[in-house]
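Only one structure is covered here, and it is reproduced in the block below.
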Amino acid sequence: MTERRRAHTGAVAALLAAMLSGPATAQTTATPMPQPDATAPTQAKTPEALFAEGLRYHAGDGVPQSFAAAAEWFAKAADLGHPAAQNHLGRYYHAGYGVDKDQAQALKWLAAAAQAGEPQYLHDLARALENGADGSSDPAGAADFYTAAANLGHLESKVSLGVLFQNGTGVDQDYNRARALYAEAAEAGNARARNNLGLLYVRGHGVPQDYARAAALFAQAAEQGMPQALTNLGVMYENGFGVELDEARAQELYRLGGQTGRSDGTGEVLPRLVYDPRLAPPAEGDDAMAVLQAQVRGGDPVAMFQLGWLLARPDNAPYSALTQAAALFRTAAERGYGPAMVNLGLMHFDGRGVLQDYVQGQMWLTLAEAAGQKGAAELGLRYSDVMTAAQINEAQARAAARLRQ
């Protein structure tokens, strides 16, 4: 271990020792949680096995997705000193997933996990300090742990620390320090860093004002699907700042930037619909449509799914077609057809053909995973940033109730 690494590790240990001995976490009482189902696998005895069981419920892998059940398993592994389980449990308490929100418990478990020295665990602790589950904020403490994670190369920590320096929150305002942190993360391809660095160039904070450079950075982040960058690039085109004035291009960028529900924040666009890869694409044309409609009338859930997909697929599909598609997906879903459950869930998230209802959307994606649609629960997790913890918990409870029927 190098002297620099040894010094860094010692500094982090000192910070964590101070946290773990402080009043916020020294005498906390865990929110009571029910014990795991007695019918669950009995061989899950080691910390790693207990953690793996928690991950199964977290992801809905072979079991109905349930953060409440996952929390029970994570708690057992966390009590035995498993850092990843401690981190998951802390994040659950911070967000309120499967347990009541509890800032003291969140900090207790996140700090325990951070002792392992993993950059992501340090970052998660910093986030909980910056934005507490109870509305509290300790930006100075957050800056300490963002710094620790950033020094280990964690890109999101560099960006978050840069924001603190840019705004002078918890640290002395320092545009040069913010610029340096953004530049490091931007060079590594971080979209948020590119967008934030672009804003510094627009405003001339810590750098000479340079609209062309800002527009180039916004364009890079926009290509990664970042909604704020799409909007910022639109402003540049609308005003001719650093690019040739192009109002049509600006309006298109505003439209894309406004579709925040279509991206999960990583730049990957979320689907409006899925198609069952086991099926050939349905034939189109009057004769083929007549055959498909006859199969629908005969009660074939696969035909219902295919007809619904044809109706809802066009971007400019009329509302009447979308409502018909949603009804077809619902009937097929009620008959146990997994791909229809996925599409019904996605339509509820988007409010296409049905009332927008995140709880219903999450419920159907959870049921789809339980019906064998691999990846449906993971897709639901990618919508979690638009939902409250209470909505997610309710969706999982509704799914469990349906499965018991």
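Per mature numbering (1 follows the signal peptide of the UniProt record, and there is no 0): the sequence shown = residues -26 to -1, 1 to 379. Each residue gets a CB set at the ideal place from its N, CA and C atoms; glycine is no exception.
Leaving aside the five residues that flank L247 on each side, the residues in its chain whose CB is nearer than 7 Å to its CB run, in chain order, W283, A286, R287, N317 and L320. For the pair R326 and L353, the CB atoms are not nearer than the 9 Å cut-off. Judged by DSSP in its simplified three-state form, P256 adopts coil rather than helix or strand.
L54 has its alpha-carbon roughly 6 Å from the corresponding atom of P21. Contact between W47 and G70 fails: their C-beta atoms lie close to 18 Å from each other, not under 8 Å.
In the DSSP assignment, E226 falls within the alpha helix (DSSP H) that extends over E221 to G232. Non-local C-beta neighbours of A114 in its own chain, meaning closer than 6 Å and more than five positions away in sequence, comprise G144, ordered along the chain. Within the model, the alpha-carbon separation for A195 versus Y228 is close to 14 Å. Within the stretch 140 to 212, the complete alpha helix (DSSP H) segments of 4 residues or longer fall at 149 to 161, 165 to 177 and 185 to 197, listed in chain order. One Cα belongs to M210, the other to H179, and the distance between them is close to 18 Å. With contacts defined as CB atoms closer than 9 Å, E343 and G34 qualify as a contacting pair.
Measuring C-alpha to C-alpha distances from L24 to each of P256, G36, Y185 and A59 identifies A59 as the nearest. A167 places its beta carbon less than 9 Å from that of K132.
Using a 10 angstroms sphere on the CB of K75, the tally of other CB atoms reaches 16 or more, which defines it as buried. In this structure, Y311 lies away from G335, with their beta-carbon atoms at least 9 Å apart. Using a Cβ distance threshold of 9 Å, Q140 and N169 do not count as a contacting pair. Between L171 and Y149, the CB-CB gap reaches or exceeds 9 Å. No Cβ-Cβ contact shorter than 9 Å links A364 with P38. With a 10 Å radius around the Cβ and a threshold of 16 neighbouring Cβ atoms, K348 comes out exposed.
Cβ contact annotation for A117 (same chain, cutoff 7 Å, sequence separation greater than five): L135, L138, G144 and V145, in chain order.
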